[in-house]
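Residue numbering for the sequence shown follows my numbering, beginning at 82 and increasing consecutively.
These notes are about the structure you will find just below.
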Amino acid sequence: MRTAGRQVMRRLLCALLLASMLLLSGCLNVSDGQDTQKFNGRDYDPPITAPDFTLTNQHNTTTTLSDHSGKVVVVAFTYTHCPDVCLAVEANLYSVMGDLGSEYGSDVEIISITVDPVRDTPEHLANWTSEHGYTWPHVTSDNHTLLVELWNDWGVAVNNEHINSNHSENEGHENDEHQNDTYEVGHSITITFLVDRNGMKRVSWSGFDWSVDGLLTDIHTLMDED
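This is the structure in structure tokens:
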């Protein structure tokens, strides 16, 4: 009896632990007590205003989020020297743009914001996007403080060591170019967001949970809203 009781207790503890982990990771939709979920990604309930920005794109012109009011906007935080997740996100965005067809540009926009402004200059972004065939805006800024504030406003955690270190200073480090190319930028997993026609942040996607079909479905769900 004691053994059976202990087994039951262990099962209960395991169930409670699993439920706690799911709640902490946002895997359970408990905001309204319903089992149905409107989006494939993690939804914001209630929606929150997407922080606006004006940054420099790969064509050395400005891109402003609020200029796309009335459209669904996909905002992704990536960087070109990323060894894994960011490159997969970028490739998926390319697939999304292709699958949208004529809806891209007229009803939907995509914007990629760098988390590595030291290396992702407009000139580098121009070369990199041209090489990969990525035509949507990839934006950066030489005002690193502005970018840090923007990352924080969007809830994207970024290790700023690459900005605070000598990587971002040219004086006395002219010969460090090749060495600087080797560092990685730590950032949070949730880096892709959907903004609705009213400029509200509605859905987020984690880097390891990317689904092109799922994101497309969420985009069309937002497009169909009144």
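A virtual CB, placed ideally from N, CA and C, is assigned to each residue, including glycine.
ask   = How many angstroms separate the CA atom of H205 from the CA atom of T137?
value = Numbered from its first residue, the sequence shown carries residue 205 at position 124. Numbered from its first residue, the sequence shown carries residue 137 at position 56. Looking at the two C-alpha atoms, the distance is approximately 12 Å.
request  = Below 8 Å CB to CB, which residues in the same chain sit around V153 once its five sequence neighbours on both sides are set aside?
outcome  = The residue given as residue 153 occupies position 72 in the sequence shown. If we look at V153 and ignore the five residues flanking it on each side, its Cβ neighbours are D188, V189, E190, L275, V276, D277, R278, I300, L303, M304.
inquiry  = Give me the DSSP bridge partner(s) of R123.
reply    = Mapped onto the sequence shown, residue 123 falls at position 42. Answer is S285, bridged to R123.
query = Whose C-beta lies closer than 8 Å to the C-beta of Y175 among residues of the same chain, with five residues either side of it excluded?
reply = Stepping through the sequence shown from its first residue, residue 175 is reached at position 94. Correct list, in chain order: H213, G214, Y215.
task = Specify the secondary structure class of E265 as computed by DSSP and reduced to three states.
result = Counting from one through the sequence shown, the residue named residue 265 turns up at place 184. E265: coil per DSSP, three-state reduction.
request  = Scan the segment 190 to 241 and note each continuous alpha helix (DSSP H) run of 4 residues or more that stays entirely inside, going in chain order.
outcome  = 203 to 213, 225 to 235
query = By how many angstroms is the C-alpha of T226 removed from the C-alpha of T210?
reply = Sequence index remark: in the sequence shown, residue 210 carries index 129 (1-based). Sequence index remark: in the sequence shown, residue 226 carries index 145 (1-based). The straight-line gap from Cα to Cα measures roughly 25 Å.
Closest Cα partner of H218 within the set N224, P203, D126 = Numbered from its first residue, the sequence shown carries residue 218 at position 137. Note that residue 218 corresponds to Pro in the displayed sequence, not to His. The shortest C-alpha separation from P218 is found at P203.
From Q139, E171, F134, residue whose alpha carbon lies closest to that of D148 = As a position in the sequence shown, residue 148 is number 67, starting the count at 1. Nearest C-alpha to D148: F134.
task = Would you give the residue range spanned by the beta strand (DSSP E) that T159 belongs to?
result = Within the sequence shown, the letter at position 78 stands for residue 159. Run containing T159: 153 to 159, per the beta strand (DSSP E) assignment.
query = What number of angstroms, rounded off, separates the C-alpha of C163 from the C-alpha of V239?
reply = In the sequence shown, residue 163 corresponds to position 82, counting from 1. In the sequence shown, residue 239 corresponds to position 158, counting from 1. Roughly 13 Å between the two C-alpha positions.
ask   = In this structure, does DSSP put T273 in helix, strand or coil?
value = Here residue 273 corresponds to residue number 192 of the sequence shown, with the count starting at 1. Correct three-state label for T273: strand.
Unbroken alpha helix (DSSP H) run spanning T298, endpoints = In the sequence shown, residue 298 corresponds to position 217, counting from 1. Looking at the DSSP string, the run of the alpha helix (DSSP H) that includes T298 is 293 to 304.
ask   = Which whole-angstrom value is the C-beta distance of I272 and F120, which I expect to be below 8 Å?
value = Residue mapping note: residue 272 aligns to position 191 of the sequence shown, counting from 1. Residue mapping note: residue 120 aligns to position 39 of the sequence shown, counting from 1. I272 to F120, Cβ: 17 Å. No contact.
Span separating the alpha-carbon of Y160 from that of I194 = Within the sequence shown, residue 160 is the residue found at index 79, counting from 1. Within the sequence shown, residue 194 is the residue found at index 113, counting from 1. The straight-line gap from Cα to Cα measures roughly 8 Å.
request  = Return the bridge partner residues of T130 from the DSSP annotation.
outcome  = By one-based count along the sequence shown, residue 130 stands at place 49. M281.
key: Buried versus exposed, by CB contacts within 10 Å (16 or more), T144   = Walking along the sequence shown from the start, residue 144 turns up at place 63. Classification of T144: buried, given that the 10 Å Cβ count is 16 or more.
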